[in-house]
């Protein structure tokens with residue numbers, strides 16, 4: 001489809017380096033967010049930085065508490081302690097126990113504040129991220145529904161379902177990781193700042209070697225991780241396609257005894273994904289493990305340096321070592337989490353690239369506005385005037401120079417062999433497809449100039465294989481509505497008009513759940529529900545697209561009687577290849593290889609079709 005190229009090999013997509021530039025994709029995300037959402041993001045980020053400051057203070061106080069427990073006079077002899085005593089002389093009268101208790105209570109207070117703020121912050125952040133996931137899912141579904149019907153014909157449904165499931169990579173992964181990245185960086189900076197104040201030389205060497213080592217390893221593993229993520233995404237798509245194929249075709253799989261073949265196909269892709277996921281986790285964890293090893297190595301080196309290279313009083317050495325240990329205890333896990341956030345950001349890039357490919361597809365039609373759902377005032381007829389259509393350039397025309405007229409209030413039939421263009425004709429009429437040339441006119445007005453939502457409200461549609469959802473009978477009739485939004489009196493009226501005569505057999509009547517795809521109903525019962533659904537919104541033109549072709553003769557006769565009982569109430573358009581279905585039509589359009597072969601009354605058309613059928617036999 002023009003405007004969008006389906007990605008069949010995500011390894012090819014990986015070659016497009018722009019899609020894997022982290023900063024470029026972050027900019028892409030923020031351009032998508034509304035101003036209020038960007039404001040929420042920055043408010044949450046600054047709030048997280050505030051929590052990080054409180055957390056850093058609590059770390060310093062814990063280190064101070066351990067130092068004071070060893071030697072309470074240390075705090076009074078420190079530069080900060082001397083300044084405080086000069087401002088508040090009352091501190092000089094404090095006993096050692098009072099100092100220990102005071103520092104302990106202060107540390108406890110900050111830890112309680114920090115944990116409370118952290119809990120509130122995480123709740124708000126997760127709520128925001130989940131809201132962004134919801135927003136992306138809504139936009140994806142809206143974009144899919146806005147695309148031309150011809151685009152949907154070319155898509156693999158499992159790919160679209162998988163893309164919707166990837167919405168969490170936008171909020172719960174990308175935005176959440178960005179916020180955590182800023183907050184964790186702020187925490188590390190504040191803790192290291194306090195460390196530099198106490199022991200600048202030692203702190204410099206620790207930060208230089210630990211930070212440098214971590215960055216070096218991350219850069220070495222980044223490219224491999226990108227490749228593994230792309231491969232993992234490709235196999236996720238394959239597994240989704242295979243699973244959907246098995247579930248949707250379960251009857252054929254069982255009848256043809258192909259269970260083993262399909263399971264083996266699934267297992268081969270799943271085994272490949274298993275190895276890819278293991279390598280992903282390995283290359284994600286390597287920087288964290290190296291960082292932890294570097295961190296504790298430098299802690300031990302610092303202890304030796306303070307004892308043998310930079311001789312200091314024992315109390316001060318203990319204070320610095322304690323601060324280093326507490327810093328390592330709190331900073332190393334945060335630094336590891338920071339690396340995880342960076343890895344998560346990079347891991348999400350292929351998924352975000354695919355999502356934005358969908359979101360940036362050119363809009364075909366605006367999403368229908370329910371407020372514009374009033375009926376058009378149809379008075380006379382619908383006319384096809386020299387209509388041509390082909391599905392793709394290079395393919396033969398599906399319909400060619402189609403001319404006919406449907407009079408309002410009539411019963412109009414369309415007949416032809418499979419591939420004659422009957423269903424294409426219906427898709428053109430209801431606006432699913434757009435003619436390449438020619439016009440479709442409603443009371444002399446081009447339907448391309450009319451509001452598409454109001455136009456479609458003219459039509460009721462019954463297909464050969466009606467879509468039955470796993471919901472109650474009433475919800476299937478009032479398709480798209482639920483609960484109090486359903487007009488039960490209207491449901492009952494439509495079921496009577498559609499001759500839904502099996503209600504007594506259902507345990508809960510209209511509230512009976514009838515199973516996914518209507519598996520608990522017969523073919524004729526599903527068709528009657530589909531007719532009732534088509535009548536629910538009071539259409540003026542009721543279309544039956546091969547609605548009886550998959551039924552046995554007895555059921556077909558019953559459904560045909562139901563259809564013709566509606567004559568006089570609505571205009572009927574019957575598409576069929578069975579001649580018996582069209583006997584009650586006012587006029588019939590005979591299609592052959594996408595062209596109008598003949599238009600006439602049943603008395604003129606059906607004998608010709610009958611003779612042609614006998615001749616072919």
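Residue numbers (the working numbering): 1 to 617.
All C-beta atoms, glycine included, are put in the ideal place defined by N, C-alpha and C.
This structure is a prediction, so every number in the text was calculated from the model and none was measured.
State whether the stretch 347–360 contacts the stretch 168–176, with contact taken as three or more CB pairs (one from each stretch) at a distance under 8 Å. Yes, the stretch 347–360 touches the stretch 168–176.
I'd like the list of long-range same chain contacts for residue 129, defined as Cβ closer than 7 Å, with 5 residues on each side in sequence excluded. Here the question's residue 129 lines up with position 129 in the chain shown. Excluding sequence neighbours, residue 129 sits near 171, 172, 175 and 176.
Should residue 182 be labelled buried (16 or more other beta-carbon atoms within 10 Å of its own) or exposed? The count along the chain shown starts at 1 and reaches residue 182 at position 182. So residue 182 counts as buried.
Residue 58 - DSSP class collapsed to helix/strand/coil: Position 58 of the chain shown, counting from 1, holds the residue named residue 58. The answer is helix: DSSP assigns residue 58 an H, G or I state.
What beta strand (DSSP E) runs, 3 residues minimum, are completely inside the stretch 369–443? Every beta strand (DSSP E) stretch that sits fully inside the stretch 369–443 and reaches 3 residues is listed by chain position as 381–389, 399–407, 411–415 and 437–442.
Residue from 403, 146 and 333 whose Cα sits closest to the Cα of residue 285: Locating residue 285 in the chain shown gives position 285, where the first residue counts as 1. Residue 333 is the option with its Cα nearest to residue 285.
If distances are taken between C-alpha atoms only, which option among 184, 44 and 134 comes closest to residue 120? If you number the chain shown from 1, residue 120 lands on position 120. Out of 184, 44 and 134, 44 has the C-alpha closest to the C-alpha of residue 120.
For residue 239 and residue 384, I'd like the C-alpha separation in whole angstroms. For the purposes of this step, residue 239 is taken as residue 239 along the chain shown, with counting starting at 1. For the purposes of this step, residue 384 is taken as residue 384 along the chain shown, with counting starting at 1. C-alpha separation (whole angstroms): 45 Å.
Taking just the CA atoms, how far does residue 420 sit from residue 138? Within the chain shown, numbered from 1, the residue matching residue 138 stands at position 138. Within the chain shown, numbered from 1, the residue matching residue 420 stands at position 420. Their backbone Cα atoms lie some 38 Å apart in a straight line.
Is residue 419 a contact residue of the ligand FMN, with contact defined as CB to any heavy atom under 7 Å? This structure lacks the ligand FMN, and indeed carries no ligand of any kind.
Please state whether DSSP places residue 605 in a helix, a strand or coil. Translated into the one-based positions of the chain shown, residue 605 becomes position 605. Judged by DSSP in its simplified three-state form, residue 605 adopts helix.
Check each candidate in 276, 243 and 275 and name the one with the smallest Cα separation from residue 261. Working through the chain shown from its first residue, we reach residue 261 at position 261. Among 276, 243 and 275, the Cα nearest to that of residue 261 is on 243.
Every unbroken beta strand (DSSP E) inside the stretch 450–526 [3 residues or more]: Here the runs fully enclosed are 459–462.
What's the gap between the Cα of residue 494 and the Cα of residue 158? For this step, residue 494 is matched to residue 494 along the chain shown. For this step, residue 158 is matched to residue 158 along the chain shown. In a straight line, the C-alpha of residue 494 is about 34 Å away from that of residue 158.
Could you tell me which whole alpha helix (DSSP H) segments of length 4 or greater appear in the stretch 231–298? Counting only runs that start and end inside the stretch 231–298, the alpha helix (DSSP H) elements of at least 4 residues fall at 250–255.
Give the secondary structure of residue 39 by DSSP, where H, G and I count as helix, E and B as strand, and everything else as coil. Here residue 39 refers to the residue found at position 39 when the chain shown is read from its first residue. DSSP places residue 39 in helix when its eight states are reduced to three.
Contact check, residue 232 vs residue 280 under 8 Å by CB: the rounded distance? Working through the chain shown from its first residue, we reach residue 232 at position 232. Working through the chain shown from its first residue, we reach residue 280 at position 280. Right, their Cβ atoms sit about 6 Å apart.
Residues in its own chain within less than 7 Å of residue 69 by CB, not counting five upstream and five downstream? Residue numbering aside, residue 69 sits at position 69 when the chain shown is read from its first letter. Answer for residue 69: 100, listed in chain order.
With DSSP as the reference, label residue 343 as helix, strand or coil. Position 343 of the chain shown holds residue 343. In the three-state scheme derived from DSSP, where H, G and I count as helix and E and B as strand, residue 343 is classed as helix.
Can you tell me whether residue 221 is helix, strand or coil according to DSSP? On the chain shown, residue 221 is found 221 positions in, with the first residue counted as 1. Residue state, collapsed to three classes: helix.
Using CA coordinates, which residue listed in 442, 387 and 578 is at the minimum distance from residue 594? By one-based count along the chain shown, residue 594 stands at place 594. Of 442, 387 and 578, the residue nearest in Cα terms is 387.
Just to check my reading of the structure: residue 513 and residue 470 have Cβ atoms closer than 8 Å, yes? What is that Cβ distance to the nearest angstrom? As a first step, residue 513 must be located in the chain shown, where it is residue number 513. As a first step, residue 470 must be located in the chain shown, where it is residue number 470. Rounded to whole angstroms, the Cβ separation of residue 513 and residue 470 is 7 Å, and the two are in contact under 8 Å.
How many whole angstroms separate the CB atoms of residue 563 and residue 544, which I take to be in contact at a CB cut-off of 8 Å? Residue 563 sits at position 563 when you count from the first residue of the chain shown. Residue 544 sits at position 544 when you count from the first residue of the chain shown. The beta-carbon distance between residue 563 and residue 544, rounded to whole angstroms, is 6 Å. This is short enough to meet the 8 Å contact definition.
In whole angstroms, what is the alpha-carbon distance linking residue 565 and residue 497? Residue 565 sits at position 565 when you count from the first residue of the chain shown. Residue 497 sits at position 497 when you count from the first residue of the chain shown. Each residue's CA atom was taken as its position, placing residue 565 and residue 497 some 8 Å apart.
Do the CB positions of residue 546 and residue 570 come within less than 8 Å of each other? On the chain shown, position 546 is the one that residue 546 refers to. On the chain shown, position 570 is the one that residue 570 refers to. At a Cβ-Cβ threshold of 8 Å, residue 546 and residue 570 do not count as neighbours.
Residue 562: first and last residue of the uninterrupted alpha helix (DSSP H) it sits in: As a position in the chain shown, residue 562 is number 562, starting the count at 1. 553–564 is the extent of the alpha helix (DSSP H) around residue 562.
Just list the residues that DSSP pairs residue 544 with in beta bridges. Residue 544 sits at position 544 when you count from the first residue of the chain shown. DSSP lists 462 and 574 as the beta-bridge partner residues of residue 544.
If you compare alpha carbons, which of 270, 510, 201 and 115 is closest to residue 48? Start at 1 with the first residue of the chain shown, and residue 48 comes out as number 48. Nearest of 270, 510, 201 and 115 to residue 48, Cα basis: 115.
Nearest-angstrom Cα separation, counted from residue 330 out to residue 295: Within the chain shown, residue 295 is the residue found at index 295, counting from 1. Within the chain shown, residue 330 is the residue found at index 330, counting from 1. Approximately 11 Å, taken between the alpha carbons.
Specify, as a first and last residue, the run of the alpha helix (DSSP H) that residue 600 falls within. Residue mapping note: residue 600 aligns to position 600 of the chain shown, counting from 1. Secondary structure note for residue 600: it is in no alpha helix (DSSP H), and the uninterrupted beta strand (DSSP E) holding it is 595–600.
Closest to residue 521 by CA distance: which of 492, 468 and 572 is it? Your numbering for residue 521 matches position 521 in the chain shown. Per the Cα distances, 468.
Using the beta-carbon count (16 or more within 10 Å), is residue 350 buried or exposed? Locating residue 350 in the chain shown gives position 350, where the first residue counts as 1. With 16 or more Cβ atoms within 10 Å of its Cβ, residue 350 is classed as buried.
Taking contact to mean at least 3 C-beta pairs separated by less than 8 Å, is the stretch 473–488 in contact with the stretch 403–420? The stretch 473–488 makes no contact with the stretch 403–420, as fewer than three CB pairs between them are under 8 Å.
CA-to-CA distance, residue 282 to residue 482, given in whole angstroms: For this step, residue 482 is matched to residue 482 along the chain shown. For this step, residue 282 is matched to residue 282 along the chain shown. Rounded to the nearest whole angstrom, the CA to CA distance from residue 482 to residue 282 is 48 Å.
With a 10 Å radius around its C-beta and 16 neighbouring C-beta atoms as the bar for buried, classify residue 225 as buried or exposed. Counting from one through the chain shown, the residue named residue 225 turns up at place 225. Buried, since its Cβ has 16 or more Cβ neighbours within 10 Å.
Cut-off 7 Å between Cβ atoms - residues of its own chain near residue 400, not counting five sequence neighbours on either side: Numbered from 1 along the chain shown, position 400 holds the residue referred to as residue 400. Sequence-distant Cβ neighbours of residue 400 in its own chain, meaning closer than 7 Å and more than five residues away, are 388, 594 and 595.
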